[in-house]
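Peer 1:
Number of protein chains: 2
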Amino acid sequence: MDENTGSEGVAGLFAPERVAVVGATESEGSIGRAIVENLRADFAGETVPVNPNYDDVFGLDCYPDVGSIPGEVQLAVVVVPPGIAVEAVAECGEAGIRNVVVITAGFGETGSEGASRERELTAVAEEYGLNLVGPNSLGVMSTPSGMNATFGPDNALPGSISFMSQSGAFITAVLDWANDEGIGFKDVVSLGNKAVMDETDFVEAWADDPDTDVILGYLEGVENGQSFIQSAREATAETPVVMVKSGRTEAGAQAVSSHTGTLAGSEQAYEAGLEQAGVLRVENVQELFDFAQILAGQPLPESDDVAIVTNAGGPGVMTTDAVGDSNLSLASFSEETLEALSASMPEEANIYNPIDAIGDADIDRFERALDLALGDENVGAAVVLSAPTAVIDFDDLAEAITELQADHGKPIAAVLMGGDRTESAKAVLRERGIPNYFDPARAVRSLDALVRYRDIRERDYEDPTEFDVDRERAREILERAEDRGDNRLGVEAMGLLDAYGIPTPEGTIAETPEDAVSAAEGIEGDVVMKIVSPDILHKSDIGGVRVGVPDEEVYDAFEDLVTRARNYQPDATILGVQVQEMVDLDSGTETIIGMNRDPQFGPLLLFGLGGIFVEVLEDTETRVAPVSEREATEMVEGIRSAPLLRGARGREPADREAVVESLQRLSQLVTDFPAILELDVNPLVAGPDGVAAVDVRLTVDTDEL
Amino acid sequence: MDENTGSEGVAGLFAPERVAVVGATESEGSIGRAIVENLRADFAGETVPVNPNYDDVFGLDCYPDVGSIPGEVQLAVVVVPPGIAVEAVAECGEAGIRNVVVITAGFGETGSEGASRERELTAVAEEYGLNLVGPNSLGVMSTPSGMNATFGPDNALPGSISFMSQSGAFITAVLDWANDEGIGFKDVVSLGNKAVMDETDFVEAWADDPDTDVILGYLEGVENGQSFIQSAREATAETPVVMVKSGRTEAGAQAVSSHTGTLAGSEQAYEAGLEQAGVLRVENVQELFDFAQILAGQPLPESDDVAIVTNAGGPGVMTTDAVGDSNLSLASFSEETLEALSASMPEEANIYNPIDAIGDADIDRFERALDLALGDENVGAAVVLSAPTAVIDFDDLAEAITELQADHGKPIAAVLMGGDRTESAKAVLRERGIPNYFDPARAVRSLDALVRYRDIRERDYEDPTEFDVDRERAREILERAEDRGDNRLGVEAMGLLDAYGIPTPEGTIAETPEDAVSAAEGIEGDVVMKIVSPDILHKSDIGGVRVGVPDEEVYDAFEDLVTRARNYQPDATILGVQVQEMVDLDSGTETIIGMNRDPQFGPLLLFGLGGIFVEVLEDTETRVAPVSEREATEMVEGIRSAPLLRGARGREPADREAVVESLQRLSQLVTDFPAILELDVNPLVAGPDGVAAVDVRLTVDTDEL
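Chain order of the listed sequences is A and B. Sequential numbering of the first sequence, starting at 1, is according to this note's numbering. Sequential numbering of the second sequence, starting at 706, is according to this note's numbering.
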């Protein structure tokens, strides 16, 4: 429902001056009471109770309905029972309230009656052009005005992370924890059933919000993959987006569907789609907040090279291993730095990275080492790591770290290793956005998140190339499926590829032996002959393919192929025999390009090498179409077996550019024709000088044509 | 130095009645003072200062040397300067003190003078049969007697985890943190330079210690891989061993070598060796202690099936994903359990796993759900997960969890999500050995560690099969390398494989064209001919291989091959031309079996498929030899491309048993002959009915023969 929202609309949602609570009450233990109390506690604006049963609630004037409230109200929070909730929302619309949060449960999550109630709700929201959050939401918060329009026990601390969650309980848990950790938020929204506003709306809203430095999400599904990708790409040019998308595993996907009724798209599509959207996808809660904190607190590094400064060799080695596991690398210091380190460190110290200032390092030695490391132009970021020793005070070290971070403007993660004695130092570091962990691996992974986001931010999302294609011819070929009343097409649809410029061997479908002979005579050299029937999927298995047929044997081969097919399945529809130019398989590499449609993300392209590589080794790359040239190139270069295409083991390299172009052309084809549900070109033979699509199979939804 | 230690020896190290501190002093800031103070603080036994400069230290009688101490002393801690440390240790030996911890630094870690001092130290320890820890050690601790014979700032809390570390600073950091987390230890030892006692000794000692439930280690290297494997296998039948072996990555290995001077063995060897030893290897500090805590506190599950009980759907889904990522699976409840759950849960609850008791679940509902889940025979373990709600008190929930855990005897991990409000509940849980994490993924990974250890514990370490081989013939063939003055052998050494029962095609090395013809005539069908020269490694590249040569062309082929070799390298030593039976490559799969020697672990076997699979996809399995039949089978079945051997895509399955046997025979060969430094059989062709070793290449250390 993206058209409903705009920055001014969401301003009303998160920064209202007056909030109506529809269903406000003092009744002990009720949600209506909790919301009024939460708003009264910290909200800088006005809280307006609405309930026909009361004249006042907690001393505030209470109105019988929203229509009776004098003056403008920007946000209504609806907590009335499900039976009257839709009407209450309609009254909000009627009264000119543009932002509505529906707390009430008993909608899509509870069976068919609830689902139909949710459809009514959506219709009402559309009628009045409402920004509607929920239903079945915990509510919304926004810390600049202190607004806590939720029924949870805690308000958020102020900060620059804006957080959306498809689970209200997760918000409650996170706030309880974050408040003790000193982690603050700008806005928090419990998405509920997403009847109207969804993740795409909030990504867009927070991308435009100067007070939001990081967008965080817990999602169980994405409503509209294509528009999410578009919005997230725009957002991540300025603001990092970090998300848990749960239901990654088979068991998890099942749990999602019983939790929210969300129809699970394929994990492959989510993986590709979120990556293409520029989202930093994390797998667990710890990473979600580790990444959020450093992204909110530290600058992006200009290079991937990290300096490690420590007073403890062993933990220094562990940190180095963590760097080895990451996208970062260990910085090599310049000669100047090494000389300066050498002059200021004792002989037993290690001045090469990781710098080990050894156990008797005092604050001055530590500070000097870190200053020199950060001052080196080869260093993009630093990890400062200290074991507790008699000569170092963690508070002093924290002060030194924050000062040097500010001086050099390079990101730092700290590993002051210890228990309670680190608490005050941690607070000093946190104040300046520097995270501290006991485990060096967490510190390094956090810095790694900065580098990953920097790369996302620098991405150039070029438009997909538009090739000059014969769309009409493609449509005609697809319509044949409709004429035939069969939604499966095979080699008889090779023209589809040809129409979109994907090279196919010369060939035709002969309906008689005579046609086959004349087709073969028009083709140089021997030919390949294949039975063409929508009812015979595995042509080779029934002897339905003949390779290297000389012209003089084509007549007999035709009859033989048809006989075999008839013997195999007497009632099979036989469209003829394909007579095709021989493709040199020996000098080429068999690849597969394909597509299937995901319910959330739409067309999902697949690339891999033929034979065992896709089927046994599952060595594939997938992307949501349409793909740009860069994305198609990443698919081809990204498979593990890519070295084979580059000419491993003395083979001539395959024409990878031609493969990339074929993928882009396939992308255009499946984007142009939503009627194509599935399509496989297998094999697409990639030789040294171009490609040839030898076989194709597709499924068409003729209603979509 | 395993022969030096026995349980009585280590009892003296960790449970001495009297401890001498050689180098005791009151001098401010000195290590000698810190150790005396630490011992005086908590040690139940007697501390005996030794220093010729004082009559007493902190009011304790001080002796000029250990020889002057009346009565028996079980442990001496040596802190004198490096120049007199070796002598001080010798005096301990002379005085009958069997256990010595050398704190003094300035040995192997500091260059050649130190290294020679360390050799002297080792010699003295051997002379007197000492259990010597260090040098360059932080010291040792043992909580039953309160002994803190280290110079670190904190003593350990009592517990059942025994911990060794190659980094003293890491011990200091861990104790500071663990004391605040309430994590206790039995023994702690700082290994230092491991001049005498190493990780193997402590694995052995703690395996025999009834008060040690978990053995934990931070290692930068293993001194003797083979004896470590042996000892760890025995230990892990009763006691889990969890370790960080750092220097995993290239950068990390470099850092290790500059930190401790440890010669880094290959990461491949460590990976294989530690796995074969039954060690649970972890990659970071967080996992090290997460695993240690649950292994020390919870029983092992009888099945891998986990029940999740929660009041929060979203976090329940995240937990389910974490289960999907692990070796665990989601339990399916029995009909009875489902009926009982259905009867006691509200309609909106989800009674299927994960059980969602929903947000208004009070302690009774939660308890009932957990009780039913744990009572189900399909459930091996449980995760209990709660978001903070108005109706649940975490302390009550913690009580319920610990009681039900005790009643059912099944392991539980808790995820009470929140901040400080979880503290007291956490303490209750910890008391009963139940870990609590904010992140569900950590709880699940901890349970997973229990399952992994259970599987290790159930392992049956069968002995390697001893095949009947012709060892003398093998020796003769290896000695040819010595005769020739060349340590590289090629196809001329095929007899080596034959002597060890690895099938080779019929063949011989002909020195003249006439010999070649007569050899070919003795072989059925056409033959393969290959130039045999230690100077020509890539025979195919110079046209040095001819396949499918009919008998009548053998004479000319011989001359042609020799001419090509001469043209390629005029001074090459040419041993002749191999005339070999043709092997049917089409119906077989090319595999590679090989070996190289690791400095720590010795012979490391490798298995993979030929061609691109090893070289491009790096799809290999490695194991330290000798391997049992189970281990050889795991190698063959463990590669990603194993489905190809099992007959993927309509091929006949390869004779995997013959491959497994060849690996075992190769294992026996390289174990029998340490002189073989490297060996590759490439390819070993695996057909439907057996294997054939087509080519071999090896390097021999003739001094070892």
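The beta carbon of each residue, even a glycine, is placed where N, CA and C say it ideally should be.
In the structure shown, what three-state DSSP assignment does A:Q226 receive?
Peer 2: Three-state result, A:Q226: helix.
Peer 1: Taking one C-beta from the stretch 303-310 of chain A and one from the stretch 932-949 of chain B each time, how about it: are there three or more such pairs within less than 8 Å?
Peer 2: These segments do not touch.
Peer 1: By the 7 Å beta-carbon criterion, what residues does the stretch 1235-1263 of chain B contribute toward chain C?
Peer 2: Note that chain C does not occur in the displayed structure, where the protein chains are A and B.
Peer 1: Taking a Cβ distance cut-off of 9 Å, strictly less, list which residues of the stretch 1140-1154 of chain B are near chain A, in chain order.
Peer 2: So the list reads Y1142, F1143, D1144, P1145, A1146 and R1147, given in the order they occur along the chain.
Peer 1: Using a Cβ-Cβ cut-off of 8 Å, state whether A:E26 counts as contacting chain B.
Peer 2: Output row for A:E26: interface = no.
Peer 1: Classify B:S1292 as buried or exposed, calling it buried when 16 or more other Cβ atoms lie within 10 Å of its own Cβ.
Peer 2: Exposed, since its Cβ has fewer than 16 Cβ neighbours within 10 Å.
Peer 1: Quick one: what's got a C-beta closer than 6 Å to A:P435's C-beta in the same chain, skipping five residues either side?
Peer 2: Counting only Cβ-Cβ distances below 6 Å, and skipping sequence neighbours, we find Q293, I294, A413 and S446.
Peer 1: I want to verify the contact list: residues of chain A whose CB lies under 9 Å from the CB of B:N884, in sequence order.
Peer 2: Chain A residues near B:N884: G419 and D420.
Peer 1: Can you find a C-beta in chain A that's less than 8 Å from the C-beta of B:I1317?
Peer 2: Chain A contact via Cβ: present.
Peer 1: Find the residues of chain A that neighbour B:R1414, judging by a C-beta separation of less than 7 Å, and give them in chain order.
Peer 2: Look at the range of chain B in this structure, 706 to 1410, and you will see that residue 1414 of chain B is not part of it.
Peer 1: Under 8 Å, Cβ to Cβ, is there at least one residue of chain B near A:E283?
Peer 2: Yes, its Cβ sits closer than 8 Å to a Cβ of chain B.
Peer 1: Applying a beta-carbon distance threshold of less than 7 Å, which residues of chain A neighbour B:L1035?
Peer 2: By Cβ distance, chain A contributes A251.
Peer 1: Measuring straight from C-alpha to C-alpha, what distance separates A:N38 and A:G192?
Peer 2: Each residue's Cα considered, the two are about 19 Å apart.
Peer 1: Going by beta carbon distance, what residues of the same chain come within less than 7 Å of B:T1278, once the five residues before and after it are set aside?
Peer 2: For B:T1278, where only same-chain residues beyond five positions count, the Cβ hits under 7 Å are S1238, P1239 and D1240.
Peer 1: For my contact list, B:D1324 and B:L1311 are in at a C-beta cut-off of 8 Å; report their separation, rounded to the angstrom.
Peer 2: Contact doesn't hold; Cβ gap of about 11 Å is too wide.
Peer 1: Examine chain A for any beta-carbon lying closer than 8 Å to the beta-carbon of B:Q973, and answer yes or no.
Peer 2: Output row for B:Q973: interface = no.
Peer 1: For B:G776, which three-state DSSP category applies?
Peer 2: DSSP places B:G776 in coil when its eight states are reduced to three.
Peer 1: Around the Cβ of A:E199, are there at least 16 other Cβ atoms within 10 angstroms (buried) or fewer (exposed)?
Peer 2: By the neighbour-count rule (16 or more Cβ atoms within 10 Å), A:E199 is buried.
Peer 1: In the DSSP assignment, what residue or residues form a beta bridge with B:I1117?
Peer 2: In DSSP, B:I1117 forms a bridge with B:A1087.
Peer 1: Assign B:M1287 to one of three DSSP states: helix, strand, or coil.
Peer 2: Of the three classes helix, strand and coil, the one that applies to B:M1287 here is coil, per DSSP.
Peer 1: From the DSSP output, in three-state form, read off B:E1383 for me.
Peer 2: The answer is strand: DSSP assigns B:E1383 an E or B state.
Peer 1: Within this structure, are the beta carbons of B:I1416 and B:V791 separated by less than 8 Å?
Peer 2: Only positions 706 to 1410 of chain B appear in the structure, and residue 1416 of chain B is not among them; the question remains open.
Peer 1: Suppose contacts are defined by Cβ-Cβ distances below 8 Å. Is B:L1410 in contact with B:L1183 by that definition?
Peer 2: Result yes, Cβ atoms of B:L1410 and B:L1183 sit closer than 8 Å.
Peer 1: Whose Cβ in chain B lies nearer than 7 Å to the Cβ of A:Y218?
Peer 2: Within 7 Å Cβ-Cβ: G1019.
Peer 1: Within the same chain, show all residues whose beta-carbon is closer than 7 Å to that of A:A349, passing over the 5 residues directly before and after it, in chain order.
Peer 2: Taken in chain order, the residues that qualify are D356, A357 and I358.
Peer 1: Any beta-carbon of chain A closer than 8 Å to the one on B:L1349?
Peer 2: True, the Cβ-Cβ gap to chain A drops below 8 Å.
Peer 1: So, is the C-beta of A:S167 closer than 8 Å to a C-beta in chain B?
Peer 2: Chain B, which has a Cβ nearer than 8 Å to the Cβ of A:S167, makes this yes.
Peer 1: Please give the ranges of any alpha helix (DSSP H) in the stretch 1304-1368 of chain B, keeping only runs that are unbroken, at least 4 residues long and fully inside the region.
Peer 2: As far as the stretch 1304-1368 of chain B is concerned, its whole alpha helix (DSSP H) runs of at least 4 residues are 1317-1320, 1334-1343 and 1347-1350.
Peer 1: Look at the Cβ atom of B:G844, then the Cβ atom of B:I920, and state whether they are nearer than 8 Å.
Peer 2: No, the Cβ-Cβ distance between B:G844 and B:I920 is not below 8 Å.
Peer 1: If I follow the unbroken alpha helix (DSSP H) through A:F170, where does it start and stop?
Peer 2: That run of the alpha helix (DSSP H) goes G168 to E181.
Peer 1: Taking just the CA atoms, how far does B:V1028 sit from B:E1366?
Peer 2: About 36 Å.
Peer 1: List the endpoints of the continuous alpha helix (DSSP H) containing B:V1259.
Peer 2: V1259 to Y1273 is the span of the alpha helix (DSSP H), which, as asked, contains B:V1259.
Peer 1: Comparing C-alpha positions only, which one of A:D483, A:V528 and A:E283 sits nearest to A:L491?
Peer 2: A small fix is needed here, since residue 491 of chain A is Val in this sequence, not Leu. Comparing Cα-Cα distances from A:V491 to each of A:D483, A:V528 and A:E283, the minimum goes to A:V528.
Peer 1: From B:Y1158, B:D1076, B:I1068 and B:L1079, pick the residue whose C-alpha is nearest to that of B:I1097; which is it?
Peer 2: Ranking the options by Cα distance to B:I1097, first place goes to B:I1068.
Peer 1: Going along the chain, which residues of its own chain have a beta-carbon closer than 7 Å to the beta-carbon of A:V547, five neighbours each way excluded?
Peer 2: Result list for A:V547: V528, in chain order.
Peer 1: Name, please, each residue of chain A whose Cβ falls closer than 9 Å to the Cβ of B:Q1003.
Peer 2: By Cβ distance, chain A contributes nothing, its closest Cβ being about 21 Å from B:Q1003, past 9 Å.
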